[in-house]
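Numbering (our numbering), first residue to last: 0 to 146.
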């Protein structure tokens, strides 16, 4: 029985070494912290911005030249056309970004939580001294100690 446990443990360790980390169970994305979710979002959508938005506008610009349609005389037409295509793909990218943020429940500015702390009498004296020092530094006046 002990050898089976050791063998299973060794296999689990071998899988962790080859996969780069511990096995993820359940819905792993829900376990990600908000900062990890935001970094993942930046990683994915930065690449999408470059490839889809800039690539779409650049494809129109470059292909018009390959076909011989863009010449010095027709740049006035192709520059706004490529910009328009870029704007359409940018709007599409924004919609995808918004959908991903809602799906993953990403909060850029989490709600602040009010925490009440109980302070005993000894700690209160130290707190009053700190408040006195801060008040004296801020105003330059001498205040009586907290009572």
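Glycine included, every Cβ here is placed at the ideal spot set by N, Cα and C.
Within 10 Å of its beta-carbon, does residue i have 16 or more other beta-carbons around it, so buried, or fewer, so exposed?
{"i": "residue 98", "result": "exposed"}
{"i": "residue 36", "result": "buried"}
{"i": "residue 46", "result": "exposed"}
{"i": "residue 28", "result": "Confidence at residue 28 is low in this model, with a pLDDT of 48, below 50, so the placement of that residue should be treated as unreliable; the coordinate-derived value is given next. Exposed is the call here."}
For residue i and residue j, I'd like the C-alpha separation in whole angstroms.
{"i": "residue 42", "j": "residue 78", "result": "30 Å"}
{"i": "residue 81", "j": "residue 90", "result": "14 Å"}
{"i": "residue 59", "j": "residue 65", "result": "10 Å"}
{"i": "residue 102", "j": "residue 48", "result": "19 Å"}
{"i": "residue 94", "j": "residue 44", "result": "12 Å"}
{"i": "residue 38", "j": "residue 107", "result": "11 Å"}
{"i": "residue 92", "j": "residue 57", "result": "16 Å"}
{"i": "residue 69", "j": "residue 96", "result": "33 Å"}
{"i": "residue 76", "j": "residue 61", "result": "14 Å"}
Quick check: residue i and residue j, are their CB atoms within less than 8 Å of each other?
{"i": "residue 33", "j": "residue 105", "result": "yes"}
Runs of alpha helix (DSSP H) wholly within the stretch 60-115 (minimum 4 residues, chain order): Qualifying alpha helix (DSSP H) stretches, in chain order: 74-103.
Three or more C-beta pairs below 8 Å linking the stretch 45-53 and the stretch 81-95: The stretch 45-53, when compared against the stretch 81-95, does touch it at the 8 Å Cβ threshold.
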